[in-house]
Structures are given as structure tokens and as C-alpha cells.
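What follows is a set of notes on a single structure, which appears directly below.
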Amino acid sequence: MPDSTPTPPAPQTPPAVSSTPPAPSTSPVVSSTAPAPTPPIASSTPPAPTSPVPPTPRRLHLAAAIDVPGATRVADFLPLARFADEGLLDFLTLGDSFAAPGLDALSVLARLAPETRRVGLVPTVTTTHTEPFHVQAQLATLDWVSRGRAGWRPGVSTSENEARLFGRRAAVTAREAWREAGEVVEAARLLWDSWEDDAEIRDIPSGRFVDRDKLHYADYAGTTFSVRGPSIVPRPPQGHPVIVADADDPVRRDFAVRHADVLLVETSSREQAAAFSAEVRAEAARAGREPADLRVLASLTVELSGGEQAAEPGHGGGGPRPTAHGPHYRGGPVDLAELIGDWYAAGAVDGFHLRPAEPGRDLERLVNGTAALLQHRGVFRAFHPGSTLREHLGLARPANLHLTASAT
Amino acid sequence: MSHQRLPQQPRPAPPQQPRPAPPRRSQPPGTHRPLHLAAHFPGVNSTTVWSDPRSGSQIAFDSFVHLARTAERGLFDFFFLAEGLRLREHKGRIHDLDVVGRPESLAVLNAVAAVTERLGLAATVNSTFNEPYELARRLASLDHLSDGRAAWNVVTSSDAFTGENFRRGGYLDRAERYTRAAEFVATARELWDSWSPDGTPRPFAHHGRHFSIEGEFTLPRSPQGHPVVIQAGDSAEGRDFAASTADVIFTRHGTLAAGQEFYADVKGRLPGYGRTADDLKIMPGVTVVVGDTDAEAQEKATEIRRLQVSPQNALLAAEQVWGTDLSGFDPDGPLPAFDPVVDSDVVQGRVRQGDPRALAEKWRGLARAKNLSLRETAIEATGRQSFIGSAATVAEAMSHFVDSRAADGFILVPHLTPGGLDEFVDQVVPLLQERGAFRTAYTGPTLRDHLGLSHPATRQTPKDAAA
Ligand SMILES: Cc1cc2nc3c(=O)[nH]c(=O)nc-3n(C[C@H](O)[C@H](O)[C@H](O)COP(=O)(O)O)c2cc1C
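Protein chains in written order, with the numbering used here: chain A, 1 to 408; chain B, 1001 to 1467.
Set out below in C-alpha cells:
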């Protein structure tokens, strides 16, 4: 396969570093009628299998959910994905469940991949009633069709209702389901690595298309499943799609600190967030991981008013309001930028995952108001310096587990 | 390269313009049966000439974009992806001579839906190693996200070799694979029909031999109602399964005589299931080599066969027939004189080709009759139906095939990825159109429209009917 280097970043103006406080009378608006992104279908091959990303300065990461309950049309999602893409967000998430009305999330994001350029695409894909072999192949494929922008937010199914849709097994407890999800992630990583990056050789003299010594059996035996391998899909452009996990309750947190690259936490105060970040990093270190490889993002619902309306007491400023559905921020986009800048500057989190209360309205305000202001202040990127989701997050392309295992 | 759709814009007009009516040849239009065309994207296969410098990636998304757009430019009915769920093995080791490695079909087709407008999108997905609820949902999602272009090629596999990659393992008995497949398709259709016409979910319950499931489906009826069902398989059970329930059958019977026999057999089974000849389209997989003249095309075809069947591949093909190690044999020498090993496990993960003794006899007969070496015999014996000649010859032959009821159309298997259908679309399609044997514009938005299949009626419950 021909070699290729990652596509260079789109030429854009460098970050405008400004120390002036904003106080504009209208929110800074990046034109929402900006020209359509140039065709994303450009380079064909994945980034060269280089690896260690050099140490990067700390950067703010922003992500957004594009959930639209019950939506079945591309047109319901495409404008949202375009906002996230044009707003230079690190990634967007799309939730999924076998029990709630809606499309298969990974299918939606695959459909959106050719119509977006840089934004990471993170579907929820559940592990309880699905086949690990299919799940890993679908995620690797999302990475191929998006040229290295795939992530995966693993989910589980614990209800009797979901179990009855499959009729294969009884409902399992959250603890069992998340332990199994951890095994599915381990198996998926071995399958993603079951092809070395240069396994395809097309060697004419010997007539060999692949070097079978660079293909590996996963041979993973979990508690509820086993997989032989190798995968059908060659190692995806990012090596491993980025794993994003909720780290709220103890069970999910245990999964997240062991397996996730990006941890989402629901917290309503900066202090809580800081304490949480420190704890999960310490737990990850105890689980044998490098704490610097984790990104911790605060996950909030945002309900943005237009213009300069101040955040309602208890919603913005001092922090979002805790609710039964998690922290909820209600206020103007500028105040949200203040909140984000403040938590980030204090080192409480690496960034934010924002869930718009009303997707169309709030995502637009988030991108054209909040993110634009953070860019203006030089807190948030003004262009994507790389093309893969790992590059946006400053995460290294992982070494191949089969190679690291044999080296020791 | 990409045509972007802006969020608020209405769907752009279909990309193809009706071609200006070309001057008529001798045969007036309408005297030929209309034919259907589909493009097979060569993923894992032994026919791609990967040594050709024009052979691109079989994984990179650009390759899918190129071939799909070529097929759509040619107004093809659909774009077809095959599937394999375990890497093939030969003599206990991963098979390394053929193109191997491919992305997962449904995820790729959703992305292809973004760069095409009308082309049908067919995914091969095994019914043994999937569950109806999940797969019906993924297929309905593709149908929604492509505005009615989804198709499912139902394949069956019961082998424990493939089963080692799945939770269920390889338990399924060979005899059960089509009963599961039939129940799977029926169950998927129950799910697709489970929302009421006014767009609310209504509970379903299916309690059968292979599946016992109940609940609510997450999606309203998709644009096609039921995605198109394709079947590929040849046993009597396979043919009955297709006759009872499939919309399209993908076959290997590509010669005129074998095609006619298969066609008559399968169409003859339809009335038994209350269906008519138009309800099931028969489409053999074929290769095409176009040249400026017939002689040039023949020369090209011979060269392609030599490149496809390298000396290593020739030995391997013989090992698959003889079921034993032939590494000491000279590909340019004679065939083995001994009888094949029956029930050998030399090959794993490949569709069985039939009785090895009969096959070996066929090979020996070929070699004797034409005085061929092992490699030359492999080249002859492993070839499939191909249309070889100038564009006019190919168009004439294809149309004759369809007129003679040897097929309703063809699934074209190019030997190059992704440019392998460029010549066909540019040169042969216009001639088929000129004969009146092929459409000059898509007549409807959905794959069912392209195939001339009706849209299944919404199942009414007594309650709906009363309302
Ligand atoms: C033309 C054709 C294409 C096929 N393509 C696939 C495929 O892509 N994946 C697969 O697993 N099986 C494929 N099969 C295998 C069939 O699904 C089936 O397992 C096999 O033909 C044995 O069934 P039978 O005894 O009815 O012929 C194909 C079969 C035919 C005839």
C-alpha cells in the first residue's frame, strides 16, 4: 500500500491570542453561512504508522453530543455534525440503545463521515448482546471510512426488556455487564492489532499478498465469549479507535479507569471536578496505566440563551446546577466560555463534553458563541493541527499489543 | 471529487442525465428484455490482479467511492459487498496469496450512501452469526439513511471454523442453517412491519424454533418497507429458500446452458410459494473484458487469467481439489495421478466446490483433451463465465443471455479495484441502452424501483384496519 503522511492542516489563521477581556455587546459570531467544507474525500491511506506523539502542551478539548431523540433522517443530524466540525470540536458523540427509539448510532456516524472533515465520531456501541467480533470490525471500519476519526463509547444493556429482544441470555447486573464490556474492549484491541500495520505486502516474486507472519490470532477467552481472530479488517488508521467512557458511578468508573482514553464525568463544581480528575488519574495509575494518557472531560447539559444574557444563579457563573439528569448549565454562551476557561485554567479538567438541551439551537450557540470566544482568547484551537481524533486529543497511536507482548 | 450536500438544501437531482437517445441500430428497442446490472466490489478474492500497478487499495474508502460512483454513473441497480468472517486457511496456515482484508459491509455502505444518490447498497451478512433484532435494526438504519437503497445478501455458514470467532461458536448443524436463515428473514420482516402506519411502535413477539424474542423495535418503517433480500447459495435447500423469500438470487451459473437450467429450475419453484417469475431476479456473477476488437479482448483476457492464476495459485487450486499437499509439484508439469483425499481439511473458510473426485476427474479430462499443464488446467478450470470482446460483442452477448432466460441481469466482478468497471460503464452501457435493454435514467428513488419490485404493503392489524 502506498505510503502517506497525514494530511496537513487546512490553512487557517493562527490562534489569536488576546488578553483583552471580551465584553462584546453581541456574542462573537463566526459566520454560520461559512462556505461548505471542502470535499473531505481526499487522501486515501491512513496516516503512516508512526507513533509516539511528542509531548504536547496542554490543550483544551471540547466535544458535543448530537443526540436527537427518535430522529430517523440524515437531515436531522447533518447540520449538527457540520456545526461540530466547523467549530473545530475534538469529537461528537451519538448515544444508542436497543431499547429507545432511534437509528443505529454507528451507522449514522458512518453516514456522516464523508460529509465532515476533522471532527471525531464517537458512537455508543453496546457490548452485552452483540458479538465482540462484529463490534470491533464495525468500529475499525468507522475509523477507515473517516480516515482516523473513530471513537467508541461502550455501553451495556442491563434490562429484562433488552434481554428479551435477543432471547439469548437473561439480563445481567450492571457490574457483570461492565466487567464483560471490559473484556470486549480487551478482545477488540487484540483484534485491531491482529494485523500489523504493514501486513499487506503484495510481493510479486513470491506471489504473496500478505505476510502471514504479520497476522496474529487474538485467542481471547473471556468469561462469556471467546474469539479466535485474526480480524477481517486490517488495523485501522488510528491503531485503536479512541475509547470514551462515562466515569460516574463506581462500576462505570472502574471500567473507565482501566480502559478509556477519555473519561466523562458529571460534576457541578470546579472543586469537585478537580478532585475527581485527581482520583481517576490515581486509580488509573494503580491499574497500571500512564495517567498522562487520560483526558478527563466534564459532561454538562447546556441550555444556551441568545446574546449576552447572564447565567441564571446556580446555573452558570458559580457552576451548573445539579439535577437528576446530571449537571445542567443554563445561560449565555459567553458565560459558558467563562466557566470553561475557568475550570480549564485551574487544571480541574482537560475539557468539556456538552450536551445541548435543544440540539439545533444550542449547538449553534455553542460553536458560534462559546467556542469562538475561547478561540479568540487563544484558549481553544483555531485549527486542527492533525487529522485523526488521537491527534486532536494529543494521544499517541498505540503500539501493537502482539508486538509488545512478543518483545517481552 | 465529492459533491457536498448542504444542510438545508433539498436533495439534488439525481446525478445522471438521461442520455441523449443515440441513433438506433437494427433492433428496435423493446424487443429485448430489460437487464439489471450490479457491481461487486472485490474484497477478499482470488480474481483481483493485485500485482497490476493500477490495482489500488481494497480497504481505503476512496476505492469504494470510485467504484460506487462508476456504478451509479452506469445507472446500476446496486453495489454489492461480499463477506467472510474468518480469514481463510490453507494447510493449517493463513492463506496468503489472495487479496484479503476488508471493512465491515454495513458501515462502509452507510458511508457510500453519502457519496451516491440512487445506487442500491447491498451488504452480505451471515444469518448464522447474527441476531434478528440487531441486524434488522442495522439494515433498517441503512434503508433510512440511504433513502430506501438497502439490500441484504443472506448467506449461511455453519462451519465451526468460522464459529470460533463468535459467542455461539459453531454449533449450528448444516441441516439447520437454512431453517435458521428462513426464520431469520421472516423475523426481520416482522420487526420491519411492527410499527403502525401512523408511526407508533407496537409490540412484537416471535416465538419460533431458532428465536424467541419480544419487545418493541426502535425504528419506524423504512423507505422500502423491507430492504431487498438477496440469496447466494446453490443447494436445493438454498434454491427453495430463495424461491420462497428472496428478491434477488446471486448465482455462479454463468454459462448460457447452465444459466438456462438454473433459471428454469428456480423460477419453476416460485409458483409453489405463491410467487411469480417477476418476484425474483436471477443475477449471476460474471467478469467482463472489453477490448477495441474481439481479438484484442481475447488477448487481454488470457493475460488476466495468467496473472490471476500465478504458479503459486495454480498449485494451491490443485491442492484444494486434491485435498493434500502438492508443494513438490511443478505448476508447469502434469496433474497428480492419484485420487483426491476426501474430507480433507486442507482448506478452511472457503465455500466448498463440490465432490473432490468429480472435480479431479473434470480437471484430468480438461488436461487430457487440451494437453494442458497443471497451471493451464487451473486457469481453465477455475475461470467463471465471462463476457469477452469488443463493447458491441459484450452488449450483444449479455442481452442475448437475458433474452434467452439464462439470467435477469448480472453482478459484475471486476478484476481491478477500483477502476475495473470504468471501461464497461463508458463503452458497454451506452450500447445496452441503445438496444433498449437497459435504462437511460433511474426511474425511481429506491432499489426496489430499480429492480421493478413492489413495495411490501404495511401489515395491518385488525385494530389498524378498524381505525
Ligand atoms: C455466488 C455466491 C456468492 C456467495 N457469497 C458469499 C459471501 O460473500 N459470504 C459467505 O459467507 N458466503 C457466500 N456464499 C456461500 C453461500 O451463502 C452458502 O453458504 C454456500 O453457497 C453453501 O450453500 P449451498 O449449499 O446452498 O450452496 C456465496 C455463494 C454463492 C453461490
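Positions of the beta carbon are idealized from the N, C-alpha and C atoms, including for glycine.
- Rounded to whole angstroms, the separation of the alpha carbons of Glu1361 of chain B and Val1115 of chain B is 48 Å.
- Residue state for Ser1399 of chain B is assigned as helix, using DSSP reduced to three classes.
- Residues Val1044 and Gly1349 of the same chain have their beta carbon placed closer than 7 Å to that of Gly1084 of chain B, with the five preceding and five following residues left out of the count.
- The CB of Asp1345 of chain B never comes closer than 8 Å to any CB in chain A; the least such distance is about 15 Å.
- Within 10 angstroms of the beta-carbon of Asn1371 of chain B lie fewer than 16 other beta-carbons, which makes it exposed.
- For the pair of segments examined, the segment 1404 to 1413 of chain B was found to touch the segment 1260 to 1267 of chain B: the number of CB pairs separated by less than 8 Å reaches three.
- Ranked by how close their Cα comes to the Cα of Ala1122 of chain B, the residues B:Trp1195, B:Leu1106, B:Leu1135 and B:Ala1111 have B:Leu1106 in first place.
- In the three-state reduction of the DSSP assignment, Val1429 of chain B falls in the helix class, which pools H, G and I.
- The beta carbon of Arg1033 of chain B sits closer than 6 Å to those of Val1402 and Asp1403, all from its chain and outside the five residues before and after it, given in chain order.
- Annotated as distal: Tyr329 of chain A and Pro322 of chain A, with beta-carbon spacing of 8 Å or more.
- At least one heavy atom of ligand 1 falls within 7 Å of the beta-carbon of Glu1083 of chain B.
- Annotation for Arg1102 of chain B: Gly1043, Val1044, Gln1058 and Ile1059 place their beta carbon closer than 7 Å to its own, counting only its chain and skipping 5 residues before and after.
- Counting only runs of 4+ residues, the alpha helix (DSSP H) found wholly inside the segment 220 to 275 of chain A occupies 250 to 259, in chain order.
- Proximity of the segment 1281 to 1294 of chain B to the segment 1247 to 1256 of chain B meets the contact definition, three or more beta-carbon pairs being nearer than 8 Å.
- At a cut-off of 8 Å, the C-beta of His1226 of chain B has no neighbouring C-beta in chain A.
- Here Gln1348 of chain B carries a strand assignment [DSSP, helix/strand/coil].
- Taking the Cβ of Thr1048 of chain B as the reference point, every heavy atom of ligand 1 lies at 7 Å or farther away.
- Cβ proximity to chain A below 7 Å picks out nothing from the segment 1430 to 1455 of chain B.
- In the structure shown, the three-state DSSP call for Ala1406 of chain B is coil.
- The DSSP-derived three-state label of Lys1091 of chain B is coil.
- Contacts with chain B at 8 Å (Cβ-Cβ) do not include Leu121 of chain A.
- Look at the segment 1103 to 1129 of chain B: the residues with a C-beta under 9 Å from a C-beta of chain A are Pro1103, Glu1104, Ser1105, Leu1106, Ala1107, Val1108, Leu1109, Asn1110, Ala1111, Val1112, Ala1113, Ala1114, Val1115 and Phe1129.
- Within the same chain, and ignoring the five residues on either side of Gly155 of chain A in sequence, the residues whose Cβ sits closer than 6 Å to its Cβ are Thr124 and Thr126.
- The continuous beta strand (DSSP E) containing Asp203 of chain A extends over residues Glu200 to Asp203.
- For the segment 1095 to 1128 of chain B, the full-length beta strand (DSSP E) segments reaching 3 residues or more read 1120 to 1126 along the chain.
- In the DSSP assignment, Trp1192 of chain B falls within the alpha helix (DSSP H) that extends over Arg1177 to Trp1192.
- In this structure, ligand 1 has no non-hydrogen atom nearer than 7 Å to the beta-carbon of Ala1242 of chain B.
- Going by DSSP, Pro154 of chain A is part of the beta strand (DSSP E) stretching over Gly151 to Gly155.
- Counting along the chain, the unbroken beta strand (DSSP E) around Leu1037 of chain B starts and ends at His1036 to Phe1041.
- A straight line joining the alpha-carbon of Thr1124 of chain B with that of Val1154 of chain B spans about 6 Å.
- In this structure the segment 171 to 179 of chain A touches the segment 243 to 257 of chain A; the number of beta carbon pairs closer than 8 Å is three or more.
- If you draw a straight line from the Cα of Gln136 of chain A to the Cα of Thr1393 of chain B, it comes to about 46 Å.
- DSSP places Glu290 of chain A in the coil class of the three-state scheme, outside both helix and strand.
- For Lys1370 of chain B, the uninterrupted alpha helix (DSSP H) run begins and ends at Pro1356 to Lys1370, by DSSP.
- In this chain, the beta strand (DSSP E) harbouring Pro123 of chain A covers Gly120 to Thr126.
- The alpha-carbon separation between Pro1271 of chain B and Val1108 of chain B amounts to approximately 37 Å.
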